[in-house]
Amino acid sequence: MNSTDTLAMLMHLLEKNDDNDPFCAIFLPTMATNTDRSTTNHTPMVLQHLQQKVVPLHTVQSFSKNIVGRVLLTLRYHFIKNKLIVDLIQAKDLIGRHNCDIFLSVQLLQSCRILEKYETTSKHLTSKVDFKKTMEFNVPFAMFYSNDANLLIKVCQDTKKADEIGHFVIGPQGNSTGIQHWKRIFTTPNTSFSAWHTLTTARNFSNKFANCDLYSN
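Here the numbering used here is used: the first residue of the sequence shown is 3, the next is one more, and so on.
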């Protein structure tokens, strides 16, 4: 399933923008395409909202209340290939300099060490920025049981220093949405889960979106 297919399935999220129902699952049953079952095909079958809350089993780090935007993305874990597929869909309500370009950086971290890193191309900053970018990370299933493996997603200005606008974490060190998103892709492999994530920053400045952090612990 490519980014175009994902976007088509996520139009309701882009239009509805229901913060009380942030998660959406696209079930992708594996079907054999030949007699030796050597190749498979994933076809979207069911689109289902997941409204139940997952309570973290351990304490996670506190996060800044300086909200600087939101990012919609889809994650899927391919169990056979041990691949984590990330579809970056859209960023919105971003705080930054006027007339600047931005890009997204996605890092797979373990023990604060970067295992893999990918970046999108630059896009001009507007109220809504579509990226439609797919990335694949090599993630052994055993990494799910590690408390020090996380995805770090950053929105940066396209400057010499790549000034960060904001970031969020998906994994054990994330907020409630980041923890839920991480758990669901591993407990239900070959299923695409989508969610809006809140960008935060350590910088202290006025932010008209400060009351929109619905996913904070």
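Heads up, the beta-carbon is just placed ideally off N, CA and C, and yes, glycines get one too.
Residue 90 and residue 77 do not touch by the CB rule: their CB atoms are close to 10 Å apart, not below 8 Å. In terms of Cα proximity to residue 144, the closest of 123, 131, 112, 100 is 112. Judged by DSSP secondary structure, residue 183 falls within the alpha helix (DSSP H) whose first and last residues are 178-189. For residue 172 and residue 179, the gap between their C-alpha atoms comes out near 8 Å. Taking 8 Å as the cut-off, the Cβ atoms of residue 153 and residue 201 do not count as close. The Cβ atoms of residue 160 and residue 102 sit closer than 8 Å to each other.
Under the DSSP assignment, residue 151 falls in the beta strand (DSSP E) whose first and last residues are 151-159. In the displayed model, residue 81 falls within coil according to three-state DSSP, outside both helix and strand. Between the alpha carbons of residue 124 and residue 116 lies a distance of about 22 Å. Straight-line measurement puts the Cα of residue 174 at about 26 Å from the Cα of residue 165. Under the three-state reduction of DSSP output, residue 93 falls in the strand class. With respect to the 8 Å criterion, residue 106 and residue 128 are not classified as neighbours on the basis of their beta carbons. With a contact defined as Cβ atoms closer than 8 Å, residue 167 and residue 69 miss out at about 11 Å. Leaving aside the five residues that flank residue 135 on each side, the residues in its chain whose CB is nearer than 6 Å to its CB run, in chain order, 90, 122.
Rounded to whole angstroms, residue 188 and residue 146 show a C-alpha spacing of 7 Å. Counting along the chain, residue 103 sits inside the beta strand (DSSP E) bounded by residues 103-112. The DSSP-derived three-state label of residue 164 is coil.
Boundaries for residue 127: no beta strand (DSSP E) harbours it, and the DSSP string shows neither H nor E there. Counting along the chain, residue 147 sits inside no beta strand (DSSP E), nor does DSSP assign it H or E at all.
No Cβ-Cβ contact shorter than 8 Å links residue 119 with residue 94.
Rounded to whole angstroms, residue 72 and residue 100 show a C-alpha spacing of 18 Å. Between residue 74 and residue 184, the CB-CB gap reaches or exceeds 8 Å.
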